[in-house]
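One structure is given below, encoded as structure tokens.
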Amino acid sequence: MHNFDKQAEQLAKEIVDYSVWRLKNDPPLDGPLSLGELKTLVGETITEQGIGGEATLEIFKDVLAPACISTDHPRYLSFIPSAPSISSNLFDLVVGASSLYGGSWLEGAGAVYAENQALAWLIDLANMPQTSGGVFVQGGTVGNLSALVAARYQARKKYPEINKWVLACSAESHSSIKSAAAVMDVELLEIELNEELKLTGSQVASTIDNFHVANQDKRVFAVVATAGTTNLGIIDELKSIGEYCRNSQIWYHIDGAYGLAALCAESVKHLFDGVEMCDSLIVDPHKWLFAPFDACALIYKEPAIARAAHAQKAGYLELFEETDEFNPSDYAIQLTRRARGLPFWFSLATHGTRAYSQAMEKTIEIAHAAAKLIKSRKDLELVVESNLSIVAFKKLGWNKADYQQWSDRLLESQIGFVVPSIHQGEPILRFAIVNPLTSIADIKAILDTLD
Ligand SMILES: *Cc1c(COP(=O)(O)O)cnc(C)c1O
171 MHNFDKQAEQ LAKEIVDYSV WRLKNDPPLD GPLSLGELKT LVGETITEQG IGGEATLEIF
231 KDVLAPACIS TDHPRYLSFI PSAPSISSNL FDLVVGASSL YGGSWLEGAG AVYAENQALA
291 WLIDLANMPQ TSGGVFVQGG TVGNLSALVA ARYQARKKYP EINKWVLACS AESHSSIKSA
351 AAVMDVELLE IELNEELKLT GSQVASTIDN FHVANQDKRV FAVVATAGTT NLGIIDELKS
411 IGEYCRNSQI WYHIDGAYGL AALCAESVKH LFDGVEMCDS LIVDPHKWLF APFDACALIY
471 KEPAIARAAH AQKAGYLELF EETDEFNPSD YAIQLTRRAR GLPFWFSLAT HGTRAYSQAM
531 EKTIEIAHAA AKLIKSRKDL ELVVESNLSI VAFKKLGWNK ADYQQWSDRL LESQIGFVVP
591 SIHQGEPILR FAIVNPLTSI ADIKAILDTL D
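Under the numbering used here, the first residue of the sequence shown carries the number 171, and numbering increases by one thereafter.
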């Protein structure tokens, strides 16, 4: 099992060949099979003797892989798709083959150094102080939770008499914020949006100030603004919210899992004015920065606070406690960690940042073109003007079942993957465009099926 023998040599070739084939060719969209179908087609794979690498790989290639939707398909426009660059995907193979440990400087200095350069690029784009720092975690959900745990840690130190903590966010905040509040057992204060569906500094100020007056025993420990909502791509008023948080000394967290990637696009960078005021932010390179799953960049303005909140302590870890070296494990809820920022770093180093800006602008242009096409049709209506690279729209007269049937047929016919969403209680369709290979012809092909 651990010797690189003849069989391993053969298997290596087949696995590399398959990986190269997958990267070279447009993937089919594919789609899920039922549990029953998979049981019939695959049966049991785990046996006492083992079935051998070749047979196992065949099962994966022939049945399991086609039973997974290709999230990098140019007409996969649901949720937030994935569009890793070729080089980032290739380097993921290297990360896997190298048993790198990304938790500590002692064990992974080289990997950590490289990851931190990628983080430094993001810190620079966000105009945060150079002393900012952080870590790549599994996803936005863990990133948000880790940042908020650091925020409460800090608040507890400032207000030792308080034990009822409150997290402020908006109705359009991502579901992971509610989940973080539940995990942390804190109350959620939902702040109303303006007509443009944005959270504003004045609304945040009046809601929180009134709340504190009415609830002297409770305290808001963090405000979460969203820089690109998942459903509509809307960016909250980052600057005015930042000013309020600074004045009232409340931790300011910006959830930019999807949207903050666009900081590298000149045409929209100004929309993120005020991002530099945050105490922490997240952005997922696996969403719109062309990296493979899974990688969320979690960045703190004062990493020392996060370290105090998160570093695990034990006799067998004491040597890490006594060092000044940078140990990524200390900055989130984790210990062992894959050096999951490396595929992103490799691609960024390979292609340079300009290629990122250009690829990003391309997806934004396609989103604008898609919105224009939708406006030109009488049977379709935009929900809002397109934001970043999300286009949300309705087909007039359709109900939820109509949308679902259409969506099912679209996948069955392998034309595209677009699932309905809900906005203010009404079913809608939305395109999330993060793949520079998605063309206006792809959009047209999907819209044509709505006739
Ligand atoms: C996707 C998303 C998240 C969650 O990120 P995961 O990587 O899926 O855990 C959080 N916030 C926003 C705004 C998102 O779009």
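Cβ coordinates follow ideal geometry from the N, Cα and C atoms, glycine included.
beta-carbon residue i near ligand 2 non-hydrogen atom, thresh 6 angstroms
| i | result |
| --- | --- |
| residue 454 | Only ligand 1 can be found as ligands here, which leaves ligand 2 out of the picture. |
Separation of residue j from residue i, as counted between CA atoms
| i | j | result |
| --- | --- | --- |
| residue 461 | residue 257 | 9 angstroms |
| residue 570 | residue 619 | 17 angstroms |
| residue 149 | residue 320 | With the chain covering 171 to 621 only, the question about residue 149 has no answer from this structure. |
| residue 224 | residue 210 | 20 angstroms |
| residue 621 | residue 550 | 10 angstroms |
| residue 530 | residue 176 | 44 angstroms |
| residue 310 | residue 614 | 32 angstroms |
| residue 387 | residue 374 | 19 angstroms |
| residue 379 | residue 506 | 41 angstroms |
| residue 344 | residue 400 | 7 angstroms |
| residue 290 | residue 278 | 18 angstroms |
| residue 527 | residue 431 | 10 angstroms |
| residue 298 | residue 275 | 24 angstroms |
| residue 519 | residue 292 | 13 angstroms |
| residue 538 | residue 559 | 8 angstroms |
| residue 409 | residue 213 | 56 angstroms |
| residue 313 | residue 616 | 34 angstroms |
| residue 422 | residue 340 | 14 angstroms |
| residue 242 | residue 195 | 12 angstroms |
Reduced DSSP secondary structure (H/G/I, E/B, other) of residue i
| i | result |
| --- | --- |
| residue 590 | strand |
| residue 207 | helix |
| residue 322 | helix |
| residue 565 | strand |
| residue 544 | helix |
| residue 597 | strand |
| residue 327 | helix |
| residue 551 | strand |
| residue 388 | strand |
| residue 509 | coil |
| residue 461 | coil |
| residue 334 | strand |
| residue 602 | strand |
| residue 188 | helix |
| residue 368 | coil |
| residue 278 | helix |
With 16 other Cβ atoms within 10 Å as the buried cut-off, status of residue i
| i | result |
| --- | --- |
| residue 566 | exposed |
| residue 331 | exposed |
| residue 202 | exposed |
| residue 285 | buried |
| residue 523 | exposed |
| residue 206 | exposed |
| residue 579 | exposed |
| residue 601 | buried |
| residue 172 | exposed |
| residue 198 | exposed |
| residue 457 | buried |
| residue 483 | exposed |
| residue 427 | buried |
CB of residue i within 7 angstroms of CB of residue j, strictly
| i | j | result |
| --- | --- | --- |
| residue 358 | residue 350 | no |
| residue 368 | residue 406 | yes |
| residue 609 | residue 598 | no |
| residue 446 | residue 296 | yes |
| residue 498 | residue 282 | yes |
| residue 335 | residue 391 | yes |
| residue 587 | residue 248 | yes |
| residue 444 | residue 397 | no |
| residue 288 | residue 515 | yes |
| residue 270 | residue 467 | no |
Beta-bridge pairing of residue i - partner residues as DSSP gives them
| i | result |
| --- | --- |
| residue 423 | 394, 450 |
| residue 557 | 560 |
| residue 340 | 361 |
| residue 306 | 467 |
| residue 405 | 397 |
| residue 246 | 587 |
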